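Novice: Here it is, the structure, as structure tokens.
2 protein chains.
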Amino acid sequence: MTAYKDRSREELLQEKELLEAKFQEIKGKGLKLDMSRGKPSEAQLNLSMGMMDVLNSTTDLRCSVGVDCRNYGVLDGIPEAKELLADMTEVSPDNIIIYGNSSLNVMYDTVARSMTHGVCGSTPWCKLDEVKFLCPVPGYDRHFAITEYFGIKMINIPMTESGPDMDLVEQYVNNDPSVKGIWCVPKYSNPQGITYSDETVLRFARLKPAAEDFRIYWDNAYGIHHLYEDKQDNLIEILMACKQEGNPDMVFKFCSTSKVSFPGSGVAAIGASKRNIDFIKQQMTIQTIGHDKLNQLRHVRFFKDIHGMVLHMRKHADILRPKFETVLNGLKNELGGLEIGSWLEPRGGYFISFDALPGCAKAIVAKAKEAGLVMTPAGATFPYGKDPQDSNIRIAPSYPTPEELAVAVELFVLCVKLVSIDKILEEK
Amino acid sequence: MTAYKDRSREELLQEKELLEAKFQEIKGKGLKLDMSRGKPSEAQLNLSMGMMDVLNSTTDLRCSVGVDCRNYGVLDGIPEAKELLADMTEVSPDNIIIYGNSSLNVMYDTVARSMTHGVCGSTPWCKLDEVKFLCPVPGYDRHFAITEYFGIKMINIPMTESGPDMDLVEQYVNNDPSVKGIWCVPKYSNPQGITYSDETVLRFARLKPAAEDFRIYWDNAYGIHHLYEDKQDNLIEILMACKQEGNPDMVFKFCSTSKVSFPGSGVAAIGASKRNIDFIKQQMTIQTIGHDKLNQLRHVRFFKDIHGMVLHMRKHADILRPKFETVLNGLKNELGGLEIGSWLEPRGGYFISFDALPGCAKAIVAKAKEAGLVMTPAGATFPYGKDPQDSNIRIAPSYPTPEELAVAVELFVLCVKLVSIDKILEEK
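Protein chains in written order, with the working numbering: chain A, 12 to 439; chain B, 12 to 439.
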């Protein structure tokens with residue numbers, strides 16, 4: 012394949028004509044495809060249907076310590092749910108609080124509480140002139156939305172293939188006391204599918220924050236969401252790493268079963284040091300009468316233990332793997348050598364990140380939409396929705412059926428080619 | 012019965028001796044009784060066991076508009092859950108947002124959001140020098156805990172038999188712009204079981220708040236929690252009343268099914284004007300991926316509609332009614348005429364409020380604890396846990412079995428008598 016940039020104007024115009032015809036043909040089909048969000052497919056949801064049967068009107072609904080899960084009581088989670096989610100996020104059950112159905116809500120609460128009550132005795136952030144968060148980019152739009160909502164200034168930190176640029180992270184965290192946090196999706200990151208290297212995690216654990224209330228917001232959303240049994244990324248467990256490095260309180264770990272059982276009807280949790288946990292519980296006693304214990308019980312009775320959950324995740328992988336491969340093969344076969352885009356090959360998680368030629372992402376997403384394919388809005392993977400390069404596009408292959416996905420990829424690469432040709436022509 | 016205060020020192024000492032012997036006898040039984048919280052009994056929980064069967068692995072889990080309740084999507088509640096809870100709280104489905112499992116959490120969120128983002132565009136409360144809430148007393152300790160947690164100054168407003176002292180409410184709300192809210196349990200109030208009179212509700216609706224961001228925090232926790240079919244309190248619907256009086260945005264209504272289905276595994280909601288709802292949704296899109304739709308579906312499929320829920324509440328009433336009557340008869344038979352305490356006879360809700368002689372409440376609760384009966388801590392029904400009269404005690408008759416309750420009441424009146432005699436002797 013000759014790279015587009017090395018082709019003549021005439022060659023490009025000829026290629027464009029062919030592609031445009033194909034585009035119109037697909038557009039004519041009136042498709043309705045969605046690759047915008049990391050949403051499990053129906054086949055994946057069906058994997059957990061057994062969970063709808065584990066509790067019924069004849070079931071003993073008491074948890075392991077005899078508490079009737081139907082009634083009030085138990086603020087931080089029933090013991091067996093704590094154990095299951097502690098195993099899932101690789102901490103001790105003493106270092107976990109079980110929440111409701113959404114880890115996003117836990118993260119929101121964590122930031123909201125810091126605004127009004129500080130962190131473990133620090134000044135409430137709403138009383139400070141400026142609060143900053145570091146945001147590895149590209150990243151997760153809903154993280155950025157939380158910090159933006161609270162008026163927290165966001166600073167872009169470029170991602171490398173081993174995680175965030177740690178030189179920059181250290182420079183900010185260790186010197187600027189207004190830097191209070193960093194958003195991380197450390198394993199199979201959203202959207203690139205990068206897992207932080209051992210060195211990256213250890214450099215995190217060894218930070219010397221200028222702010223006592225600096226915390227790492229470690230959203231381990233895809234901790235057990237591998238695509239392959241034989242090729243798995245490994246991530247150093249950060250809570251222990253921080254403890255070993257003398258920073259026991261520096262991290263909040265978030266996880267949920269949203270993409271294990273049912274999105275919206277799962278169980279979320281926070282993992283943290285005893286000191287952080289105690290501080291959070293002070294809020295919880297005011298905030299809630301406790302979260303849904305029957306749903307916690309439902310999860311434990313269905314998965315039984317972490318091994319059961321791991322086996323369950325293999326079934327998810329069997330459904331997701333061919334979808335990822337369809338997209339990756341499509342990109343490789345259709346765009347390989349053209350030098351109009353780059354991407355990584357994740358071994359887990361929910362996304363593939365595509366970097367188009369600078370200035371092309373918005374146009375590609377718009378073009379796809381024109382023919383009925385909804386992508387995550389270009390820019391969404393950056394704070395304030397502003398990708399300075401207008402280059403990054405997040406691809407979410409999970410929701411469409413394999414057949415739909417094949418068409419979606421065909422259409423996507425077509426849009427990439429068409430927009431790139433225009434861009435190159437413009438600059439010739 | 013001769014009132015204690017009219018008896019001679021000798022008569023009182025003699026009475027005390029008899030009571031003390033009886034007290035020691037009961038104490039010797041090593042009882043473990045709990046009348047501290049409004050917790051449904053096992054018999055009540057059993058009423059909703061059918062809810063554990065309505066969803067199973069063969070059930071269609073799509074809601075009325077075809078959305079798969081297992082997956083992401085739908086921020087503010089599935090339509091049929093909105094209808095059910097809107098009917099429950101007597102508003103239009105357009106004026107409701109379905110939340111998670113705890114109305115306390117909804118109230119907490121509402122205050123927390125006001126702290127950081129104000130109300131519909133007003134200055135965030137954390138930026139103000141002082142924020143005040145009016146607190147009808149006696150009231151609900153968890154309300155007061157929320158406002159205390161956020162450093163909001165609480166002002167006691169005495170309750171009358173028709174609701175809060177509205178002269179005082181009007182004086183504060185209409186003149187002091189730092190008064191931002193009032194906590195109300197308008198029907199079968201916690202703890203007195205008082206229902207606000209028509210005049211009280213209309214005076215609420217006609218307030219002319221000095222603060223644009225003043226809201227009535229209308230916690231209609233016991234809206235359908237009647238004890239009698241033939242003797243029911245009626246409450247004017249406040250959202251409409253406020254609208255009619257030109258104050259459409261002045262109220263937030265809270266409700267939940269915690270004491271209808273399962274505490275901790277119910278569904279909560281907020282009812283408010285379109286303007287308030289729109290403002291709240293701005294937060295929700297940041298805060299959560301939406302609440303548990305499967306649990307919403309479970310509730311709708313079980314109750315079917317509001318009539319089903321009303322019929323269900325009659326079964327709760329059949330269990331609760333004799334318990335209330337046991338307590339009320341015990342109080343009347345044992346304390347009637349002694350002039351050492353007063354109480355009302357609620358027609359619904361979860362509590363009976365007992366007013367002991369001033370300075371006696373703490374001692375009565377301590378005495379009861381000595382013999383194995385846990386009551387709500389004295390003072391809990393007042394802001395900051397401080398009952399200026401040390402007089403009010405909240406009685407929660409729902410949780411014990413009828414047999415336990417009979418013993419608990421016997422013990423309670425004994426403690427009231429003993430402590431009252433000491434008090435009267437002290438002052439003689």
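By construction, the Cβ of each residue, glycine as well, lies at the ideal position given by its N, Cα and C atoms.
Model, not experiment: these values are computed from the prediction.
Can you say whether Asn258 (chain A) is buried or exposed, counting buried as having 16 or more other CB atoms within 10 angstroms of its CB?
Specialist: Reading the first sequence from its first residue, position 247 is the one you call residue 258 (chain A). Buried, by the Cβ-count rule.
Novice: So, with DSSP's three-state summary, where would you put Val262 (chain B)?
Specialist: Stepping through the second sequence from its first residue, residue 262 (chain B) is reached at position 251. Val262 (chain B): strand per DSSP, three-state reduction.
Novice: Buried or exposed for Asp303 (chain A), going by 16 or more other Cβ atoms inside 10 Å?
Specialist: Your numbering for residue 303 (chain A) matches position 292 in the first sequence. So Asp303 (chain A) ends up on the buried side.
Novice: If contacts are defined as beta-carbon pairs under 8 Å, then Tyr453 (chain B) and Ala279 (chain B) qualify, I think. What distance do you get, rounded to the angstrom?
Specialist: Residue 453 (chain B) is absent from the structure shown; chain B starts at 12 and stops at 439.
Novice: To test your reading of the DSSP string, which unbroken beta strand (DSSP E) runs of 3 or more residues are found completely within the region 235-314 of chain A?
Specialist: You should have 262-267, 279-282.
Novice: With a threshold of 6 Å on Cβ separation, who are the neighbours of Gly84 (chain A) within its own chain once the five nearest residues in sequence on each side are excluded?
Specialist: Position 73 of the first sequence, counted from the start, is the residue given in the question as residue 84 (chain A). Once the five neighbours on either side are set aside, the close Cβ partners of Gly84 (chain A) are Val78.
Novice: Here's the rule I'm using: 16 or more other beta-carbon atoms within 10 Å means buried, otherwise exposed. How should Asp260 (chain B) be labelled?
Specialist: Residue mapping note: residue 260 (chain B) aligns to position 249 of the second sequence, counting from 1. Flag for Asp260 (chain B) reads buried.
Novice: Have a look at Arg20 (chain B) and Gly383 (chain B) and give me their C-alpha separation to the nearest angstrom.
Specialist: On the second sequence, residue 20 (chain B) is found 9 positions in, with the first residue counted as 1. On the second sequence, residue 383 (chain B) is found 372 positions in, with the first residue counted as 1. Cα to Cα, Arg20 (chain B) sits roughly 29 Å from Gly383 (chain B).
Novice: Which residue from B:Ser364, B:Gly359, B:Ala389, B:Arg358 puts its Cα closest to that of Gly370 (chain B)?
Specialist: Sequence index remark: in the second sequence, residue 370 (chain B) carries index 359 (1-based). With distances taken between Cα atoms, Gly370 (chain B) lies closest to B:Ala389.
Novice: Along chain B, which residues have their Cβ under 9 Å away from the Cβ of Met320 (chain A)?
Specialist: Position 309 of the first sequence holds residue 320 (chain A). Residues of chain B passing the Cβ test: none, with the nearest at roughly 18 Å.
Novice: Can you check which of these residues, B:Val418, B:Leu86, B:Lys50, B:Pro175, is closest to Asn340 (chain B) by C-alpha distance?
Specialist: The count along the second sequence starts at 1 and reaches residue 340 (chain B) at position 329. Checked all of B:Val418, B:Leu86, B:Lys50, B:Pro175; the closest Cα to Asn340 (chain B) is B:Val418.
Novice: What is the DSSP secondary structure of Gly192 (chain B), counted as helix, strand or coil?
Specialist: The sequence position of residue 192 (chain B) within the second sequence is 181, counting from 1. Strand at Gly192 (chain B).
Novice: Going along the chain, which unbroken runs of the beta strand (DSSP E) with 3 or more residues stay wholly within the region 320-358 of chain B?
Specialist: Listed in chain order, they are 352-354.
Novice: Residues in the region 269-284 of chain A with C-beta within 7 Å of chain B's C-beta atoms, listed in sequence order?
Specialist: From the region 269-284 of chain A, only Phe273, Pro274, Gly275, Ser276 have a Cβ closer than 7 Å to chain B.
Novice: Kindly say whether Gly257 (chain A), judged by its beta-carbon, lies nearer than 7 Å to any beta-carbon of chain B.
Specialist: Within the first sequence, residue 257 (chain A) is the residue found at index 246, counting from 1. No, no contact with chain B.
Novice: Residues of the region 30-57 of chain B with a CB closer than 8 Å to any CB of chain A: list them in chain order, please.
Specialist: The region 30-57 of chain B vs chain A, Cβ under 8 Å: Arg48, Lys50, Pro51, Glu53, Leu56.
Novice: Within 10 angstroms of its Cβ, does Asn344 (chain A) collect 16 or more other Cβ (buried), or is it exposed?
Specialist: By one-based count along the first sequence, residue 344 (chain A) stands at place 333. Per the 10 Å Cβ criterion, exposed.
Novice: Cα separation between Ala221 (chain A) and Cys146 (chain A)?
Specialist: Within the first sequence, the letter at position 210 stands for residue 221 (chain A). Within the first sequence, the letter at position 135 stands for residue 146 (chain A). So the two alpha carbons sit approximately 18 Å from each other.
Novice: So is Gly150 (chain A) buried or exposed if we call it buried at 16+ other beta carbons inside 10 Å?
Specialist: For the purposes of this step, residue 150 (chain A) is taken as the residue at position 139 of the first sequence. Looking at its Cβ environment, which holds 16 or more other Cβ atoms inside 10 Å, Gly150 (chain A) is buried.
Novice: How about the region 98-107 of chain B and the region 210-219 of chain B: do they share at least three Cβ pairs that are nearer than 8 Å?
Specialist: The region 98-107 of chain B is not in contact with the region 210-219 of chain B.
Novice: Drop a sphere of 10 angstroms on the beta-carbon of Asn245 (chain B), count the other beta-carbons inside from all chains shown, and report buried for 16 or more, exposed for fewer.
Specialist: Residue mapping note: residue 245 (chain B) aligns to position 234 of the second sequence, counting from 1. Exposed: under 16 other Cβ atoms inside 10 Å.
Novice: Closer than 7 Å, Cβ to Cβ, to anything on chain A: give me those residues from the region 159-177 of chain B, in chain order.
Specialist: For the region 159-177 of chain B, which is checked against every Cβ of chain A, the residues closer than 7 Å are Tyr160, Phe161.
Novice: Could you check where the alpha helix (DSSP H) with Lys33 (chain B) kicks off and where it finishes?
Specialist: Taking the second sequence and counting its residues from 1, the one referred to as residue 33 (chain B) is at position 22. 20-38 is the span of the alpha helix (DSSP H), which, as asked, contains Lys33 (chain B).
Novice: Give the residues of chain B in contact with Cys146 (chain A), contact being defined as C-beta atoms less than 8 Å apart.
Specialist: Taking the first residue of the first sequence as position 1, residue 146 (chain A) is located at position 135. Per Cβ cutoff of 8 Å: no residues; Cys146 (chain A) is ~15 Å from chain B at best.
Novice: DSSP state of Val424 (chain A), grouped into three classes?
Specialist: As a first step, residue 424 (chain A) is located in the first sequence; it is residue number 413 there, counting from the start. Reduced to three states, the DSSP call for Val424 (chain A) is helix.
Novice: Three Cβ pairs or more, each shorter than 8 Å: is that satisfied between the region 160-174 of chain A and the region 173-186 of chain B?
Specialist: In short, these stretches do not touch, since the Cβ pair count stays below three.
Novice: Run through chain A and tell me which residues come within less than 9 Å of Tyr83 (chain B), C-beta to C-beta.
Specialist: Looking up residue 83 (chain B) in the second sequence gives position 72. Arg48, Gly49, Lys50, Pro51, Ser269, Pro274, Gly275, listed in chain order.
Novice: Just checking my contact of Gly61 (chain A) with Ser68 (chain B) at CB under 8 Å: how many whole Å lie between their CB atoms?
Specialist: For this step, residue 61 (chain A) is matched to residue 50 along the first sequence. For this step, residue 68 (chain B) is matched to residue 57 along the second sequence. About 6 Å; that satisfies the 8 Å criterion.
Novice: Count the other C-beta atoms from every protein chain shown that fall within 10 angstroms of the C-beta of His310 (chain B), then say buried if there are 16 or more, exposed otherwise.
Specialist: For this step, residue 310 (chain B) is matched to residue 299 along the second sequence. Buried: at least 16 other Cβ atoms inside 10 Å.
Novice: Distance, Cα to Cα, Asp140 (chain A) vs Arg226 (chain A)?
Specialist: Translated into positions along the first sequence, residue 140 (chain A) becomes position 129. Translated into positions along the first sequence, residue 226 (chain A) becomes position 215. If you take the alpha carbons of Asp140 (chain A) and Arg226 (chain A), they lie about 19 Å apart.
Novice: Can you give me the Cβ contacts of Met324 (chain A) inside the same chain, cut-off strictly under 8 Å, excluding the 5 residues immediately before and after it?
Specialist: One-based indexing of the first sequence puts residue 324 (chain A) at position 313. Closer than 8 Å at the Cβ level, and outside the excluded window around Met324 (chain A), lie Ile235, His236, His237, Val271.
Novice: Here's the rule: buried if 16 or more other CB atoms are within 10 angstroms of the residue's CB, otherwise exposed. What is Tyr395 (chain B)?
Specialist: By one-based count along the second sequence, residue 395 (chain B) stands at place 384. Counting Cβ neighbours within 10 Å, Tyr395 (chain B) comes out exposed, since fewer than 16 surround it.
Novice: Relative to the C-alpha of Asn444 (chain A), which candidate in A:Ile247, A:Asp224, A:Gly88 has its C-alpha closest?
Specialist: The requested residue 444 (chain A) does not occur in the structure, where chain A is confined to residues 12 to 439.
Novice: Lys16 (chain B) and Glu350 (chain B): beta carbons closer than 7 Å?
Specialist: Against the second sequence, residue 16 (chain B) aligns to sequence position 5. Against the second sequence, residue 350 (chain B) aligns to sequence position 339. Contact: yes.
Novice: Return the residue from the list B:Leu179, B:Gly192, B:Tyr183, B:Asp152 that minimises the CA-CA distance to Ile163 (chain B).
Specialist: The residue you call residue 163 (chain B) lines up with position 152 of the second sequence. Considering only alpha carbons, the answer is B:Gly192.
Novice: Find the residues of chain A that neighbour Met60 (chain B), judging by a C-beta separation of less than 7 Å, and give them in chain order.
Specialist: As a first step, residue 60 (chain B) is located in the second sequence; it is residue number 49 there, counting from the start. Per Cβ cutoff of 7 Å: Ser68.
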